[in-house]
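Visitor: Before I ask anything, let me first share the structure, which is written out below as structure tokens.
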Amino acid sequence: MPHTLYTMDLMQLLLRASLWVRRRPSREFAYAALAVVGLVLFVLLVANTVGWPENWQVTKTPRVPIR
1 MPHTLYTMDL
11 MQLLLRASLW
21 VRRRPSREFA
31 YAALAVVGLV
41 LFVLLVANTV
51 GWPENWQVTK
61 TPRVPIR
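In structure tokens:
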């Protein structure tokens, strides 16, 4: 079963990250970090919605050869 991520939690993380960006002096670095974090969260959300690829799963079912 994939990890459960909720959209509201993702939005809250992005909101906190954007508030953190406004307080930092080096905005270029902060905006780049925020973009990377948003991209990672988006990929995780898509992976949870569509389904994890088989090689990402932690536990694999053993393959039994068909006879």
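Just so you know, we're using the UniProt record's numbering here: the sequence shown kicks off at 1 and counts up by one.
Every residue gets a Cβ at the ideal spot worked out from N, C-alpha and C, and that includes glycine.
#1: Measuring only the C-alpha atoms, how far is E28 from I66?
#2: By the three-class DSSP mapping on this structure, what secondary structure does V64 have?
#3: Indicate whether A47 and L34 have their beta-carbon atoms separated by less than 8 angstroms.
Guide: Per the coordinate set shown:
#1: Your numbering for residue 28 matches position 28 in the sequence shown. Your numbering for residue 66 matches position 66 in the sequence shown. Between the alpha carbons of E28 and I66 lies a distance of about 56 angstroms.
#2: For the purposes of this step, residue 64 is identified with residue 64 of the sequence shown, where counting begins at 1. Reduced to three states, the DSSP call for V64 is coil.
#3: Reading the sequence shown from its first residue, position 47 is the one you call residue 47. Reading the sequence shown from its first residue, position 34 is the one you call residue 34. Taking the C-beta atoms as reference points, L34 is found no nearer than 8 angstroms to A47.
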